[in-house]
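Engineer:
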Amino acid sequence: MAEATIFWMVGMEEIFSCFPEILAMISSSIVLMQSYALMLLFRLLKSSFATSLVIWLCLYRVLMPD
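Numbering (the working numbering), first residue to last: 666 to 731.
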């Protein structure tokens with residue numbers, strides 16, 4: 666029983682040591698998806714450049730607050 670507990674604790678320690686890397690991967694993929702969505706929106710609205718610029722700036726303010 667003690668061996669199983671030690672094994673579980675070591676396993677949990679390894680999982681928690683990977684947490685910062687996992688969070689970094691998730692956050693970078695979210696930023697990538699946001700920029701991809703903005704690029705797609707920009708392409709869809711390219712026919713009206715002024716409209717797409719206004720919408721792009723609004724989305725940029727919402728998605729990337731200072």
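The C-beta atom is built at its ideal place from N, Cα and C for all residues, glycine as well.
Taking the alpha carbon of arginine 726 as the reference point, which residue from Ser693, Ile691, Ser700, Met690 has its own alpha carbon closest?
Structural biologist: What you label residue 726 is simply residue 61 of the sequence shown in a count that begins at 1. Among Ser693, Ile691, Ser700, Met690, the Cα nearest to that of arginine 726 belongs to Ser700.
Engineer: Helix, strand or coil for methionine 698, going by three-state DSSP, please let me know.
Structural biologist: The residue you call residue 698 lines up with position 33 of the sequence shown. DSSP places methionine 698 in helix when its eight states are reduced to three.
Engineer: Work out the CA separation of methionine 698 and threonine 716 for me, nearest whole Å.
Structural biologist: The residue labelled residue 716 in the question sits at position 51 within the sequence shown. The residue labelled residue 698 in the question sits at position 33 within the sequence shown. When rounded, the distance between both Cα atoms is 22 Å.
Engineer: Assuming leucine 624 contacts leucine 724 (C-beta within less than 8 Å), just tell me the rounded distance between them.
Structural biologist: Past the boundaries of the shown model lies residue 624; the chain is included only from 666 to 731, so the question cannot be answered.
Engineer: Residues in the same chain with beta-carbon distance under 8 Å from leucine 728, minus the five sequence neighbours each way, listed in chain order, please.
Structural biologist: Within the sequence shown, residue 728 is the residue found at index 63, counting from 1. Gln699, Leu703.
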